[in-house]
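Trainee: One structure, as structure tokens, below. Some questions next.
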Amino acid sequence: MSDIAIRFNSVSKKYEKHASSMRESFVNLFRKAESRNGSNSFWALKDVSFDVRRGETIGIIGPNGAGKSTILKLLAGITSPTSGTVSINGRIGALLELGAGFHPEFTGRENIYLNGAILGMKRSEIDEKFNSIVDFAEIREFIDSPVKHYSSGMYVRLGFAIAAHSNPDILLVDEVLAVGDARFVQKCIRKFEEFQKYGTTIVFVSHDMNSIKRNCHKVMLLDHGEIKEIGDPKEIVDAYNAIIFKSPSAGKSQEEQRAGRSQQYGSGQAEITNVALLNNDRTMCNVIKSMENTEIKIEALFHEDIAEVLVGMTIRNRIGVDVYMTNTEWKGFDIPKVLKNTSLEVSFAQKMHLAPGEYTVNVAVSQKTTEGIKRLDWISDYLTFEVVASEKMGGICNFDSSVSIKQKTCKSF
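Note that our numbering numbers the sequence shown so that position 180 is 193, with each residue one more than the last.
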């Protein structure tokens, strides 16, 4: 059996733009020039090639319109490539538009069988898993009511439960690890991890970069229908941020961007010149104790007069999850203007409620504009530091719990 679960070989996909109204159709009769130059069609994917191995989880990220949904549709068999080939080895399951196959007049019970059949499950297989699906969705008392009477939360829980019990070889996931309340989200995440544990190949599309970094073995960055990079989740997410903020470095090669430990982009109107971590004794360091008072000092030189300045930082753990982020505005400080040739120093003081491990600090100097936040200078992984244990503990943060113990004698009965 081949080790390759998914293979895209020079895949391109073209869509035709159709008129949305009679008026638009009439107007288009007089747009012969547009028809001749092909403006009535667009390429959603352009010569895309990649492999996904069995048991691998690949994340797909990119700006809106990058081609992410088109890849999922090709894998799900909803559409076909215009050119190139898509090879799939295994049964496909999709956690895409949850409940898309439901009939509103049918009961929850009837929709389980309908939706399960759409996902390729045999009736005997659905019979066997029926109770587990109902319990997972937490809708047993409503199972014989038409789904048109379900709340939106019940609707998506049932959709997730059915899809999650289809036991596919290849699972397509599109922004569904955040459905329902916090408790149900944890159930979804545990189910996702269960798929990974048992070797399911997963294609995961999300705008939640923490989920991408936490769950994926590798990540593909798409932009305008083309693959820009495939590789380490943390590095590819940083490259995605560069595209989102339209940085000058976005066009550079992967090797150029990673020539040093850090990745940097911004308009260049200000420059971060130094970042330092100070311990409780206000001494520069790279090792601190959990719960120690610390200070992160950021210095920046301004090459132009800049109004409405923001300075911020993000602390990430070893696998790239953002464990804390803040900025001057969130802390209630305004920086109305910084003049050209001025050095600005901002310090963030905090107690490090972090578990033992290695962490990095991203820093940014930005400007608030009417169009949003403009990055002047942003540097990833400027600092790396280690937190060591002050006491035995587990988890990802330190709550510094206090303990009280009481004993009392109970009467015998």
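All C-beta atoms in this analysis are idealised placements derived from N, C-alpha and C, irrespective of residue type, glycine included. Model, not experiment: these values are computed from the prediction.
How close, in whole Å, do the beta carbons of GLN277 and ILE319 come, if the pair is a contact with beta carbons under 8 Å?
Mentor: In fact, because the Cβ distance is near 18 Å, the residues do not count as touching under 8 Å.
Trainee: Is the beta carbon of GLY370 less than 8 Å from the beta carbon of ASN306?
Mentor: No, these two residues do not count as a Cβ contact at 8 Å.
Trainee: Determine the direct distance from the alpha carbon of LEU234 to that of ILE175, and round the result to whole angstroms.
Mentor: Cα to Cα, the separation comes out at about 30 Å.
Trainee: Is it the case that the region 94 to 102 contacts the region 136 to 143, given that we only count it when at least three CB pairs across the two stretches are under 8 Å?
Mentor: Taking 8 Å as the limit for Cβ pairs, the verdict is that the region 94 to 102 does not touch the region 136 to 143.
Trainee: So, using beta-carbon positions, are VAL351 and PHE398 closer together than 8 Å?
Mentor: Contact: no.
Trainee: For MET297 and ILE309, I'd like the C-alpha separation in whole angstroms.
Mentor: Cα-Cα distance, rounded: 10 Å.
Trainee: Below 6 Å CB to CB, which residues in the same chain sit around GLY80 once its five sequence neighbours on both sides are set aside?
Mentor: If we look at GLY80 and ignore the five residues flanking it on each side, its Cβ neighbours are ALA57, LEU58, LEU235, GLY238.
Trainee: State buried or exposed for ALA177, treating a residue as buried only when at least 16 other CB atoms are found within 10 Å of its CB.
Mentor: Classification of ALA177: buried, given that the 10 Å Cβ count is 16 or more.
Trainee: Under the three-state reduction of DSSP, which class applies to THR163: helix, strand or coil?
Mentor: Correcting the residue identity first, residue 163 is Tyr in this sequence and not Thr. The answer is coil: DSSP assigns TYR163 none of H, G, I, E or B.
Trainee: In whole angstroms, what is the alpha-carbon distance linking ILE409 and LEU185?
Mentor: Cα to Cα, ILE409 sits roughly 29 Å from LEU185.
Trainee: So, are the CB atoms of THR149 and LYS200 less than 8 Å apart?
Mentor: It should be noted that the sequence gives Phe, not Thr, for residue 149. Yes.
Trainee: From the DSSP secondary-structure annotation, give me the bridge partner or partners of MET233.
Mentor: Answer is ILE73, ILE243.
Trainee: Cα separation between ASN22 and ILE73?
Mentor: Computed Cα separation, rounded: 17 Å.
Trainee: Among the residues of its own chain, which have a CB less than 7 Å from the CB of ASN411, if the five just before and after it don't count?
Mentor: Once the five neighbours on either side are set aside, the close Cβ partners of ASN411 are SER303, MET304, HIS366, LEU367, ALA368.
Trainee: Provide the residue(s) that pair with ARG388 in DSSP beta bridges, ordered along the chain.
Mentor: DSSP lists SER379 as partners of ARG388.
Trainee: Cα separation between ASN375 and LEU396?
Mentor: Going by the C-alpha atoms only, they are around 7 Å apart.
Trainee: In the structure shown, what three-state DSSP assignment does LYS135 receive?
Mentor: In this structure, LYS135 counts as coil in the three-state DSSP scheme.
Trainee: Among MET326, GLN420, ILE418, which residue has its Cα nearest to the Cα of TRP343?
Mentor: Measuring from the Cα of TRP343, the nearest candidate turns out to be MET326.
Trainee: From SER15 to VAL65, what does the alpha carbon distance come to, in whole angstroms?
Mentor: Cα to Cα, SER15 sits roughly 11 Å from VAL65.
Trainee: Thinking just about the alpha-carbon of each residue, which of LYS26, PHE361, SER224 is nearest to the one in ILE91?
Mentor: It is LYS26 whose Cα lies nearest to the Cα of ILE91.
Trainee: Please report the Cβ distance between ALA313 and ILE285, rounded to the nearest whole angstrom; I am assuming they are in contact, meaning their Cβ atoms lie under 8 Å.
Mentor: Correct: roughly 5 Å between the Cβ atoms.
Trainee: Consult DSSP for GLN363 and reduce its assignment to one of helix, strand or coil.
Mentor: It is a strand residue.
Trainee: Look up THR341 in the DSSP assignment and say whether it is helix, strand or coil.
Mentor: THR341 falls in the coil class under three-state DSSP.
Trainee: Could you say which of SER145, HIS230, ASP182 lies nearest to LEU171 if we only look at CA atoms?
Mentor: Cα-wise, what sits closest to LEU171 is SER145.
Trainee: Anyone know if the C-beta pair for LYS353 and GLU317 falls short of 8 Å?
Mentor: Yes, the pair counts as a contact, with Cβ atoms nearer than the cut-off.
Trainee: Just the C-alpha distance for ILE386 and ILE240, rounded to the nearest angstrom, thanks.
Mentor: For ILE386 and ILE240, the distance between alpha carbons rounds to 27 Å.
Trainee: Alpha carbons only, please: which of ILE332, LYS86, SER379, PHE361 is nearest the one belonging to ILE348?
Mentor: Cα-wise, what sits closest to ILE348 is SER379.
Trainee: Which word fits SER164, buried or exposed, when buried means at least 16 other C-beta atoms lie within 10 angstroms of its C-beta?
Mentor: Exposed: under 16 other Cβ atoms inside 10 Å.
Trainee: Would you identify the three-state DSSP class for ALA402, choosing helix, strand or coil?
Mentor: In this structure, ALA402 counts as coil in the three-state DSSP scheme.
Trainee: Is the beta carbon of ALA18 sitting closer than 8 Å to the one on ASN77?
Mentor: No, they are not a contact pair.
Trainee: Given this structure, state the Cα-to-Cα distance separating HIS162 from GLU123, to the nearest angstrom.
Mentor: Answer to the nearest angstrom: the Cα atoms are 14 Å apart.
Trainee: Between the alpha carbons of SER158 and PRO181, how many angstroms are there, rounded?
Mentor: Distance between the alpha carbons of SER158 and PRO181 is about 28 Å.
Trainee: Assuming the contact rule is C-beta atoms closer than 8 Å, GLY129 and TYR253 should be a hit. Round their C-beta distance to whole Å, please.
Mentor: Going by Cβ atoms, the distance from GLY129 to TYR253 rounds to 36 Å, so no, they are not a contact pair.
Trainee: By a C-beta neighbour count over all protein chains shown, 10 Å radius and 16 as the cutoff for buried, is ILE332 buried or exposed?
Mentor: That one is exposed.
Trainee: What do you reckon, are the CB atoms on VAL232 and ASP187 nearer than 8 Å?
Mentor: Contact flag unset, no.
Trainee: Starting from ASN306, trace the beta strand (DSSP E) in both directions and tell me its first and last residue.
Mentor: Note, ASN306: beta strand (DSSP E), 306 to 315.
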